[in-house]
Amino acid sequence: MELIHLAKERAIRQAIKDVKKHMTTNMLVLCQENGSPLACSNPIAGNHNDLYQVDYHITTMIRSLKKGGIMIAKGTFINADKGFDCIKLRKKIFRMNLIPNIMENKRNRRASKRGTKRFFDDKHYQLRYVNERLFAWIDSFRTLAIRHEKKSVNHLAFWHIACAIVLLTNL
């Protein structure tokens, strides 16, 4: 009798884990030096890595800024952490006349490569903490910390509301 009870509990716990696994969401956000959010991507399923369709999401964020009348100056630094270190993303950012400032992920290479090193400016990279601070502010909203919405449109709307609140508090 006890084994059946434990099996049921284990099945229920596994079902809860599966629901939680499917309900996690990743978001890409572009923000200014002061931490004000400029653009965010559509919600990305949490079972994907950071680089899943990153070129598409970057171009849609830049296009939405241009539609809104916000022009990004040539030579602007785009800071990202080691998880976004890939040649495809670096080339995409260069083609947009921006400078990718991404710390090199040493796990991507088995041995050191010959030739010129990838560009990395530690001084500008130190400003990346504003991204982390922005995510900390947004995580303070319970609705966004744990996703309860089934539709990604609703989740994106809550992100927009949270970003608007952060913008109003930064003024």
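Just so we're on the same page, the working numbering is the position in the sequence shown counted from 1, plus 12. Note that CB positions come from ideal geometry on N, CA and C, so glycine has one too. Please read these numbers as outputs of a predicted model, since none were measured by experiment.
Distance between G95 and V41, taken at the CA atoms: about 14 Å. Per DSSP, the beta bridge partners of L42 are A51. By the CB criterion at 9 Å, H172 and C43 fall outside the cutoff. I84 sits in coil when the DSSP states are folded into three classes, being neither helix nor strand.
Nearest to D93 by alpha-carbon distance, out of F106, T36, S48, Y141, is Y141. In this structure, DSSP gives I56 an extended state, which the three-state scheme calls strand.
The shortest CA-to-CA distance from N61 to any of N166, C98, A157, W149 is the one to C98. For E116, same chain residues with a beta-carbon under 7 Å away, outside a window of 5 residues either side, are D97, R130, F132 in chain order.
The alpha helix (DSSP H) runs lying completely inside the segment 65–109 and spanning 4 residues or more are 66–79, 99–107, given in chain order.
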